[in-house]
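For reference, the structure discussed in these notes is given below.
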Ligand code: SF4
Ligand code: SF4
């Protein structure tokens, strides 16, 4: 694997910094470029963990061990504390383990509060009446909004990573949660302009707004945008009032219907059938194609990859990377759907649970399963998930749309040598390799 030209490192966190602007070749303190980059890597993984931890805490769930790790991880990157590259690889793997623990915590919080998701069809398109469009990841904020709008004649729509909310019994029971508008996070300027409704951004992946919808947009939780009103303490009255002032939406044809909400129990209820189909050679492989969607042109790969997969492959997916292909009708293999949407990015833990259950079902090790992971990454939550999968010793994963910019050749080579990490390439060639052709 090769990457383009880059600074060897960049660190400007202490007063010794070179030329008083930044150490870019080697640290004045002696820090080597790979250590600087591994420190950044650790910080990115930590940022990812904190996003999941934050949503768990919104629902009252915390974990002392994860909190203690975060302290240790942050402290390790302070000036003149740790110069050992191997230790930073170990810390990254520990971050991966802590992220697994955090995703389990958040999954428990979601299931305890809203029940385990069930497969649910979600129409894409507007329904006549006033509306509020909710984007981001906070199911807790969505629930509060649903409670506060119940019986008020306002339709609630999901956008991007809110789509999986429709699968939770405790959220789908609200009849005014009517559907989905738009696709992944980066279509929001087009989607928010198209539908003149009130908009609520509940977490990361909110874009700086266009002037034309700024005054009907609101944020909650950690999300904040200049010139956009921030909702405090889950009091969504200003959002509701704005929705009522705005013109009603009209009914749109619902040409696209997305199916989401495959929880671990639903998938594992199919375990005997899956075993039978695998042993009969009717299912050759499971491929998890998922992660964060990215506007990079290289991300077109994921649709082509899924479209060209043989009919005896089952695709598991999660997070907003699924919007590259979740409108495709892949059919089923004797009742087992060929496209299984497990949910949000934190539902990577559901994929892990399913994979571990499959190892027991087939009596094999994780890397002996007929399972390949094809990851798409955008931001630091994906970095945390990558290290979680590496902490599970998952080998032979594909990663795109680009290699992480903070990893130099030395780091990439370590990942290739130890984990057989591969960059995405040509979809057809990758499929041939994966299928052993
Ligand atoms: S910590 Fe080291 S590498 Fe970073 S700015 Fe200070 S001297 Fe430079
Ligand atoms: S999956 Fe990643 S890129 Fe997509 S909305 Fe969530 S955090 Fe953002």
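Residue numbers (my numbering): 20 to 456. For every residue, glycine included, the Cβ atom is placed at its ideal position computed from N, Cα and C. Since we're looking at a predicted model, the values are computed, not measured.
For the pair residue 139 and residue 359, the Cα-to-Cα distance works out to about 11 Å. Under DSSP, the beta-bridge partners assigned to residue 237 are 219, 248. Ligand 1 has no heavy atom closer than 8 Å to the beta-carbon of residue 60. The closest CA to that of residue 90, considering only 108, 330, 61, 288, is found on 61. Beta-bridge analysis with DSSP links residue 140 to 278.
If you ignore the 5 residues before and after residue 397, its C-beta comes within less than 7 Å of the C-beta of 311, 312, 313, all in its own chain and listed in chain order. Taking a C-beta distance under 9 Å as the contact criterion, residue 365 and residue 219 do not qualify as a contact pair.
Excluding the 5 residues flanking it on each side, residue 118 has same chain C-beta neighbours closer than 6 Å at 68, 403, 407, in chain order.
Ligand 2 approaches residue 179 closely enough that one of its heavy atoms is under 8 Å from the residue's Cβ. Ligand 2 never approaches residue 118 closely enough for any of its heavy atoms to be under 8 Å from the residue's Cβ.
In this structure, the C-beta of residue 47 approaches ligand 1 to less than 8 Å from one of its heavy atoms. In this chain, the beta strand (DSSP E) harbouring residue 390 covers 390–395. Ligand 1 has a heavy atom closer than 8 Å to the beta-carbon of residue 31.
Per DSSP, the continuous alpha helix (DSSP H) segment holding residue 211 begins and ends at 207–213.
For secondary structure counted as the beta strand (DSSP E) over 3 or more consecutive residues, the segment 390–455 holds these complete runs in sequence order: 390–395, 417–419. The Cβ-Cβ distance between residue 57 and residue 108 falls below 9 Å. Distance between residue 189 and residue 252, taken at the CA atoms: about 21 Å. For residue 361, the closest of 284, 192, 226 by C-alpha to C-alpha distance is 284. Secondary structure of residue 325 (DSSP, three-state): helix. A distance criterion of 8 Å places the beta-carbon of residue 98 in contact range of ligand 1, judged by its closest non-hydrogen atom. Counting along the chain, residue 93 sits inside no beta strand (DSSP E); it lies in the alpha helix (DSSP H) bounded by residues 83–95. One thing to note: residue 279 has its Cβ no nearer than 9 Å to the Cβ of residue 142. Apart from sequence neighbours up to five positions away, the residues of its chain that approach residue 207 with a beta-carbon distance below 6 Å are 226, ordered along the chain. For residue 29, the three-state secondary structure derived from DSSP is coil.
Within the model, the alpha-carbon separation for residue 269 versus residue 198 is close to 14 Å.
Contact between the segment 157–171 and the segment 230–246 is present, with at least three C-beta pairs closer than 8 Å. Take the alpha-carbon of residue 368 and the one of residue 450: they are about 25 Å apart. The beta carbons of residue 410 and residue 112 sit about 5 Å from each other, so the pair counts as a contact at 8 Å. DSSP lists 30 as the bridge partner or partners of residue 42. Unbroken beta strand (DSSP E) stretches of 3 residues or longer found wholly inside the segment 130–184: 139–143, 150–154, 174–177, given in chain order. Within the DSSP secondary-structure output, residue 333 pairs in a beta bridge with 305.
Apart from sequence neighbours up to five positions away, the residues of its chain that approach residue 88 with a beta-carbon distance below 6 Å are 117, ordered along the chain.
When distances are taken from the beta-carbon of residue 42 to the heavy atoms of ligand 2, even the shortest one reaches 8 Å or more. For residue 180, the closest C-alpha among the options 195, 187, 154 is that of 154. Beta-carbon to beta-carbon, residue 341 and residue 454 are separated by about 22 Å, too far to satisfy the 8 Å threshold. When DSSP reads this structure, residue 356 sits in a beta bridge with 351.
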